[in-house]
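Take the sequence shown: its position 25, counting from 1, is numbered 24 in numbering that gives the first Met the number 0, and each next residue is one higher. Okay, so here's the structure we're looking at.
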Amino acid sequence: MVTITETTEIVTKPKLDEVVQPSIKRWLKHLLHMPASKRFFNQQDQHAIAQAVTEAEQGHVGEIQVVIEGHMPAREAYYLDTRGRAKQLFAELGVWDTELNSGILLYINLCERKVEIVIDRGIQDATTQQVWDEVCQCIIEKMSQQQYRQALVDGVTQIGTILDQFYANQIEDKADELSNSPIMLN
0 MVTITETTEI VTKPKLDEVV QPSIKRWLKH LLHMPASKRF FNQQDQHAIA QAVTEAEQGH
60 VGEIQVVIEG HMPAREAYYL DTRGRAKQLF AELGVWDTEL NSGILLYINL CERKVEIVID
120 RGIQDATTQQ VWDEVCQCII EKMSQQQYRQ ALVDGVTQIG TILDQFYANQ IEDKADELSN
180 SPIMLN
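Listed below in structure tokens is the structure:
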């Protein structure tokens, strides 16, 4: 049985634009990229990001997961762009599996210099693409000024503000379902 939500999900414009061609150029770029995630985000930075996530999740049931990836694994880089990789991690890390479908993945790919936000279906109808684009743009601007920690802390804070508006006094906050620490890949 197909519900209205599933039908809407299938025919949305972003879904139609998602055909990604295999790319040797992207594959080589990721294959030859030097691992950099720990160079840009040391232990203190990771702790500050985790603290920002903890604060941003206060007062609502929204769950934020930050993933920082230096470069994609070669086998994925050929077939996936950063959007596809973010969706893959959204599924693999179980961000979609929160009790009230309130998970958000903030994905940073340092090799491609791209930021992706994947939101769960519980939040999707209450926000617009423009809101999330503004968050991504804010992060990108600060990262281009080499303010890496501040870029993510501010981005997480903005996401928390959006979740506060969406879940304003609707549901009581429950325990953390996802880790607040950023996941560092490659």
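The beta-carbon is built from N, C-alpha and C at its ideal position, and this holds for glycine as well. As the structure is a prediction and not an experimental result, all values here were calculated from the model.
Per DSSP, the unbroken beta strand (DSSP E) holding methionine 183 starts and ends at 182-184. Glutamine 20 sits in coil when the DSSP states are folded into three classes, being neither helix nor strand.
The alpha-carbon of valine 52 is positioned some 8 Å away from that of glycine 159. Restricting attention to alpha helix (DSSP H) runs no shorter than 4 residues, the segment 20-76 encloses them at 23-31, 36-39, 42-55 and 73-76, ordered along the chain. Of all C-beta pairs linking the segment 24-35 to the segment 108-118, three or more are shorter than 8 Å, placing the two stretches in contact. Serine 22 and tyrosine 77 do touch by the CB rule: their CB atoms are close to 7 Å apart, below 8 Å.
If only complete runs of 4 or more residues are kept, the segment 99-151 shows the alpha helix (DSSP H) at 120-123 and 128-143, in order along the chain. Note that the C-beta distance between lysine 86 and valine 117 is below 7 Å.
Following the DSSP letters along the chain, one finds glycine 83 inside the alpha helix (DSSP H) bounded by residues 81-91. For glutamine 129, the closest alpha carbon among the candidates Ile161, Gly58, Arg82 and Gly93 is that of Ile161. Inter-residue distance for glycine 83 and alanine 174 is about 29 Å (C-alpha atoms, whole angstroms). Judged by beta-carbon spacing, glutamate 176 lies beyond the 7 Å limit of threonine 126, meaning their Cβ atoms are not closer than that value.
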